[in-house]
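S.K.:
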């Protein structure tokens, strides 16, 4: 089950934003309120991470470009 990050939407601009994480099924709708306080919330979309495998790619110090062409 993925973990999603949410942040509160304060009614008063002087109040700070509170972030929290919650595990939800990917099929569940995004929360609209904090589960404990009822304060409105929005889901935070982040960049995440990406893992690039080295197998089959260019070795360190080598380029994938050769013979006048370059791999994209």
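Numbering (my numbering), first residue to last: 2 to 73.
Here a beta-carbon is modelled for each residue, glycine too, at the ideal position from N, C-alpha and C.
Everything numeric in this text was worked out from a predicted model, so none of it was measured.
Among 37, 2 and 32, which residue has its Cα nearest to the Cα of residue 43?
M.R.: The residue you call residue 43 lines up with position 42 of the chain shown. Ranking the options by Cα distance to residue 43, first place goes to 32.
S.K.: Nearest to residue 7 by CA position, among 16, 50, 52 and 41, is which residue?
M.R.: For this step, residue 7 is matched to residue 6 along the chain shown. It is 41 whose Cα lies nearest to the Cα of residue 7.
S.K.: With respect to the beta strand (DSSP E) encompassing residue 44, which residues constitute its N-terminal and C-terminal limits?
M.R.: Start at 1 with the first residue of the chain shown, and residue 44 comes out as number 43. Here the beta strand (DSSP E) through residue 44 covers 42–45.
S.K.: Whole angstroms is fine: what's the gap from residue 10's alpha carbon to residue 18's?
M.R.: By 1-based counting over the chain shown, the position of residue 10 is 9. By 1-based counting over the chain shown, the position of residue 18 is 17. Cα-Cα distance, rounded: 7 Å.
S.K.: Since I believe residue 4 is in contact with residue 22 (beta carbons under 8 Å), could you give me their beta-carbon distance rounded to a whole number of angstroms?
M.R.: Numbered from its first residue, the chain shown carries residue 22 at position 21. Numbered from its first residue, the chain shown carries residue 4 at position 3. Right, the Cβ-Cβ distance comes to about 5 Å (below 8 Å), so this counts as a contact.
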